[in-house]
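Visitor: Chains as they are written, first to last, in this note's numbering: chain A, 5 to 385; chain B, 5 to 385; chain C, 5 to 385; chain D, 5 to 385.
Okay, here's the thing in structure tokens:
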């Protein structure tokens, strides 16, 4: 019996365009999916470059205007992999055209923007998802499972960091294709939206809602040459963003993201401490879970380094054999697999746009607190 | 300009069939290759199962008799991913038919068998390669580069292990599709050919020829139910294989492989100690290289853990961004990329069949020494 | 030539009484000191127990009233190893009697209390020191040296934690000899004074003054049986204390201490990120320094794990040979050695009482901020 | 009630003289011992230097001729901390004089020499012990306990290394006080007796007798200036020594010691793999035990890093609090404590001279096999 087809129209051919394209191609090879994703069309402004991208990844057609892409009848799903300032307009139009919508994170540059996007998909009743891919690192998914099983008891502490060091040089310009993340107009914010958003999405998924925050941000290098204007311009983004918060479950937390932590490339970390157990994970060794269980025999208590490559670990039976690790791009493959399975089951697949909005509400509170120098409540709704 | 096509005919749809298929699909997406590999045909005995495999991986046609596959004019390259006892016959026939040949490791079950294969490809003058994939773990490739640059000075020591624990239960049967590695007739030997062959190939690539060995082997569980006969039969393979050796460069080494090292899934390790520097690597954290340089400032000397994810690390500019790791299957992708590039350049791509034979000569000496309880010279030629 | 004698009068025979006694005994055996410390007298309330302690450690005499100890002409130095609520009274009396004074940390329960102590020693002109022993972990001392040499460039980030898990059980009582740290009247505060004080002392030594903080504290278990009253009483201490701060040099920092981090016994950590280099250290592997230098050759950049056991590492030429580690109590030995050498040189030995006060000013600001929910400036003078 | 006195007469004031002296001083402070060791006399050839050593460590008297020391009535125990070539003569004379004898390892330079020493102490019926101190690293002692409890099941593999790098420079001379370990006449052998002896003693204690070995040794630098003759002389010691062996319990093992492993200072390692569990330990992080238990829940199996600092860990209740590590010299303290407790109980304290001989029998077999290039049985009796 032929599988149902899921025709994908992708917007954007940058770094995220590659990870998403790979995911749509690989998911059906490793997972037995009820739909067959098809790379129907890729859309971006430069006709020449989009053509090369289409050839490389096997897209059947190309578009250079996303509005045309959305109008096409042969597209089921619009996947937005373009910079942050394009998310809302495309997502809303796609939803209004009745397309399923996937969107890179953060959902909006602000919670206000994200709210309009949630309204659009909910009003249209279309399946939707945000690419917070790190939830689907198998080690992280296992922490979620262990938490849901109540193995940690009462949670006391959560801490999470995202440390990078790639913008320390003052010679680095801002803006333009490769460096739009440093341009506040395009990105919306700096590390708060780019990095902390990942930390927050994962934290709320694992540990529930954040109720209030107190934060500080810093822009260490105040001016950089702007690639679009050619002039030295003020830097509008935050280079570092740190906050303390309280979760609804009574636990305390620290969060930190920076691009000025020399020696760290993409060190996304989390640790959760409960009454009975604790867990740690980091992205630099993403295939390992560190787990401590106080119920172990006293003289043999310690942190266990679990190599998450066994068939009873989340997602891993679909890959290789014990001991053989997977990498970064696999998290996107898992997300496609889960999305397609949810679709067939008629369920929504988290993180939905509503989840993406919840994260934007926290990043808004963080940026607000950095300005007011006060504790700020996370404002929902 | 259209790329040249490289039509692949694959034999075998097991674990290795999957890794090779993935490699042919992924290599051209991440590397700018002069040939476009095409999954033209997949061949295995079960028509039904080969059909499912073909659909999953996108093979255009299927065969159930490898002789027919070899006869086909539309196949450029035969890739042998079937069990060890099929390697020689298929490879020789393929070479005689003028096909390029890739073969899973070990090349032959014995050096004698491997010699016939080398003779065949050399006589036919066809490009050939053995899938010792671990040479192309970026961290390992970097060690090779550093050694070639002379950074280690005189080499004193080499040590390498491959530790697994999946056959400890005496309830595990031998033989049949999933467990042919425990059946000596099919596999040729136990961990010596299956695991140590990897250690030896990498060691000789990095540190040059091995001249003599003294070894011991053990079969801890002497009888197991055989899946093909249904009876309890003697176990003919070695469960553990350990040897000491000397390299032509004067260095001493220890090698060990076992499937009885509780707690280790696929812990392939290497360490090389030179006059000025040392390096360590292991497969459980394959994206890391441990490096020690005695020329560092004295008070700051230490082992450096290098996260091999930067664009100036071997192969890594083709993947993601710093900090984002790749996994096991990527090593096969790199091997396809290198093979295709060598092909276009008219060069052979190592490890060739001749390299595969060199490794078989060492495993032969190891098994011989385990019997004679003597030091055994590695017999080449 | 006979060495000069330094007659020590110790107050307190608890955990810290042991570490100090050991330090006075061991320092002259491993360091060539200008003075010979002599354990002249030990003082504590229970005559019977103080006698046993004196015998064990070789104290020549005992006292049960610290006022008498201070009056003795044959005592040169009063070392205060008794609970926090005794520090100020004893230290001030000792200074007024012209004795040198060493005091366990934190100096006072509050900055106000500490100020009176500083005034006393400065008015009396007596040598004085606070036992912030962790400055003299060789790895930490080496970080200080590297920072002072300017190897890090501009500092962007500092982070430090002190994680424990020994008070999670609600059955644990508060107060009395072994548990005075849970009794707010004796201890002054909870983890802020007991643990964070160590983090802050080390941070300011390494990274300069802290200018302002925003903090939160929590008491997870609100009531515990009190050992002195036998009744369930409110818990007055903070179980967890977290703050964000800014240093005078423009760097941002996070600090956290808790006794509710399951799986951590005494995990004191620090990390400092500079423009050119970063360093990490933790107490659970106190003999290791993690160091990253961006000036290393690009492809070989990584975190170096330096085993701080070489003769060119701080303090280490006095101990064993490379590879052989020292432990916790050695930090106190180093502090005695430095104190005695400073004494002979007529210099003060840091951390002095003035340094101890500076730390109390920060802990005061932390506790104040936790109440006001505002950023609080660190108030000096 | 006054404790019984144990008057110690020490021979040798080098590195081992320091560790032993420290042990006799520290043991009674941390352990409640039935005897009080007293540093009665120190003996070595240089009167001036022995005087300085005596002052530093508090020895009551000095001797410059060990025969006189042995004649003294006020000495209960002779502790031999002088170079290997002095062990037999002193130990035999001491035993004949009715003294208890402790001797640095290796017991004899050969098994033949050791046999005469065993005969002497057994004939005299005096308590005796060899300073294989590493058995009393708490993590190692815990492995012994776990093995004795049968937690590992059948043992399949054992591996142990001792890697150093301090003799790589060809400028390093041999012989004389600081470098007698490179002088074959004094040391007896190179790394085989100096390092491997430790590995073997620990291995047989943990895993039972070794039955046969096949070995190779190498002297990388063939000539060095001799400090005693002032001339360049052949080097008689082994720089590296590697062997494979079989234990009586059927397990296989690899052992390796070298002083040419760049980057390792004193990396003594062990790993034992059993049917149900495995353990690892190394001297560079001596306070940690790595433990894997296959009986753990499948999805949470991993190697546990146990910080051996809790009161229920061997010896640790005598030291500090959880999280605070001890160092190298503590192992000697433990050995004194155990010796004294055994003495009071009228039991022998292992490793006895008989245990030391058993190790010498294995090192003999190793050196023999390196010459014969054959498997050699371990010859006992």
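For each residue, glycine too, the CB sits at the ideal point set by N, CA and C. Quantities reported herein were computed from a predicted structural model and do not represent experimental measurements.
Which of the residues in the stretch 328-352 of chain D, read from start to end, lie with their CB under 8 Å from any CB of chain C?
Guide: Result list: 328, 329, 330, 331, 332, 333, 334.
Visitor: Quick check for students: name the residue ranges of the beta strand (DSSP E) that lie wholly in the stretch 115-188 of chain D, counting only runs of 3 or more.
Guide: You should have 132-134, 159-167.
Visitor: Looking at residue 169 of chain C and residue 102 of chain C, is the spacing between their C-beta atoms short of 8 Å?
Guide: No, these two residues do not count as a Cβ contact at 8 Å.
Visitor: For residue 272 of chain A, report the span of its beta strand (DSSP E) as first-last.
Guide: Where residue 272 of chain A is concerned, the enclosing beta strand (DSSP E) stretches over 271-278.
Visitor: Relative to the C-alpha of residue 142 of chain A, which residue among A:362, A:359, A:292 is closest?
Guide: Residue 142 of chain A has its Cα closest to that of A:292, out of A:362, A:359, A:292.
Visitor: Could you tell me the alpha carbon to alpha carbon distance between residue 17 of chain D and residue 49 of chain D, rounded to whole angstroms?
Guide: Distance between the alpha carbons of residue 17 of chain D and residue 49 of chain D is about 10 Å.
Visitor: Quick check on residue 111 of chain C - is its C-beta less than 8 Å from some C-beta in chain A?
Guide: No, its Cβ sits nowhere closer than 8 Å to a Cβ of chain A.
Visitor: Quick one, are the C-beta atoms of residue 66 of chain C and residue 15 of chain C less than 8 Å apart?
Guide: No, they are not a contact pair.
Visitor: What number of angstroms, rounded off, separates the C-alpha of residue 34 of chain D from the C-alpha of residue 210 of chain B?
Guide: Roughly 51 Å between the two C-alpha positions.
Visitor: DSSP has residue 13 of chain A in a bridge; who is on the other side?
Guide: Note: residue 13 of chain A sits in a beta bridge opposite A:45, A:82.
Visitor: DSSP three-state call for residue 229 of chain A: helix, strand or coil?
Guide: In the structure shown, residue 229 of chain A sits in a strand (DSSP, three-state: E or B).
Visitor: Measure the alpha-carbon distance for residue 298 of chain A versus residue 289 of chain C and round it to whole angstroms.
Guide: Taking the straight line joining both Cα atoms gives about 21 Å.
Visitor: Can the beta-carbon of residue 4 of chain A be found closer than 8 Å to that of residue 88 of chain A?
Guide: Shown here, chain A extends from 5 to 385; a query on residue 4 of chain A therefore has no answer.
Visitor: Closest to residue 137 of chain D by CA distance: which of D:81, D:117, D:272 is it?
Guide: Among D:81, D:117, D:272, the Cα nearest to that of residue 137 of chain D is on D:272.
Visitor: Contact criterion: CB-CB distance below 8 Å. Does residue 295 of chain A meet it with respect to chain D?
Guide: So yes, residue 295 of chain A belongs to the interface.
Visitor: Could you tell me which residues DSSP pairs with residue 249 of chain A in its beta bridges?
Guide: Paired residues: A:217, A:257.
Visitor: Take the Cβ of residue 9 of chain C as the centre, count every other Cβ of all protein chains shown within 10 Å, and call the residue buried at 16 or more, exposed below.
Guide: Classification for residue 9 of chain C: exposed.
Visitor: Quick one: measure Cβ to Cβ for residue 200 of chain A and residue 332 of chain B, integer angstroms, because I've assumed they're closer than 8 Å.
Guide: That belief does not hold up - the Cβ atoms of residue 200 of chain A and residue 332 of chain B are roughly 31 Å apart, past 8 Å.
Visitor: Using beta carbons (cut-off 8 Å, strictly below), is residue 307 of chain D in contact with chain A?
Guide: Answer yes: the Cβ-Cβ gap between residue 307 of chain D and chain A drops below 8 Å somewhere.
Visitor: Measure the alpha-carbon distance for residue 250 of chain A versus residue 270 of chain A and round it to whole angstroms.
Guide: C-alpha separation (whole angstroms): 25 Å.
Visitor: Check for me: the beta strand (DSSP E) holding residue 107 of chain C runs from which residue to which?
Guide: 104-107 is the extent of the beta strand (DSSP E) around residue 107 of chain C.
Visitor: Cα separation between residue 352 of chain A and residue 303 of chain D?
Guide: Using only the alpha carbons, I get a separation of about 28 Å.
Visitor: From the DSSP secondary-structure annotation, give me the bridge partner or partners of residue 309 of chain A.
Guide: According to DSSP, which records beta bridges pairwise, residue 309 of chain A is partnered with A:294, D:307.
Visitor: Count the other C-beta atoms from every protein chain shown that fall within 10 angstroms of the C-beta of residue 186 of chain D, then say buried if there are 16 or more, exposed otherwise.
Guide: By the neighbour-count rule (16 or more Cβ atoms within 10 Å), residue 186 of chain D is buried.
Visitor: Classify residue 44 of chain D as buried or exposed, calling it buried when 16 or more other Cβ atoms lie within 10 Å of its own Cβ.
Guide: Counting Cβ neighbours within 10 Å, residue 44 of chain D comes out buried, since at least 16 surround it.
Visitor: If I follow the unbroken beta strand (DSSP E) through residue 285 of chain D, where does it start and stop?
Guide: 281-286 is the extent of the beta strand (DSSP E) around residue 285 of chain D.
Visitor: Taking the alpha-carbon positions, what's the residue 214 of chain B to residue 145 of chain C distance?
Guide: Cα-Cα distance, rounded: 47 Å.
Visitor: Helix, strand or coil for residue 330 of chain C, going by three-state DSSP, please let me know.
Guide: Here residue 330 of chain C sits in coil by DSSP.
Visitor: Which residues, in chain order, does the stretch 139-154 of chain B contribute to contact with chain C at a C-beta distance below 9 Å?
Guide: Residues 146, 149, 150.
Visitor: Excluding sequence positions up to five away, which residues of its chain have a Cβ less than 6 Å from the Cβ of residue 122 of chain B?
Guide: 357, 358, 361.
Visitor: Sort out for me which residues DSSP pairs residue 52 of chain B with in a bridge.
Guide: According to DSSP, residue 52 of chain B bridges with nothing at all.
Visitor: Do you know how far the Cα of residue 275 of chain C is from the Cα of residue 378 of chain D?
Guide: Straight-line Cα distance between these residues: approximately 54 Å.
Visitor: Would you check if there are 3 or more beta carbon pairs closer than 8 Å linking the stretch 227-234 of chain C to the stretch 171-179 of chain C?
Guide: A contact exists between the stretch 227-234 of chain C and the stretch 171-179 of chain C.
Visitor: So which residues of chain C does residue 243 of chain B contact, with C-beta pairs closer than 8 Å?
Guide: The contacting residues do not exist; residue 243 of chain B stays about 35 Å from chain C at best.
Visitor: Grouping DSSP H, G and I as helix and E and B as strand, with all else coil, what is residue 66 of chain B?
Guide: It is a strand residue.
Visitor: Between residue 267 of chain A and chain C, is the shortest Cβ-Cβ distance under 8 Å, so that the two count as touching?
Guide: Yes, residue 267 of chain A lies at the interface with chain C (some Cβ there is under 8 Å from its Cβ).
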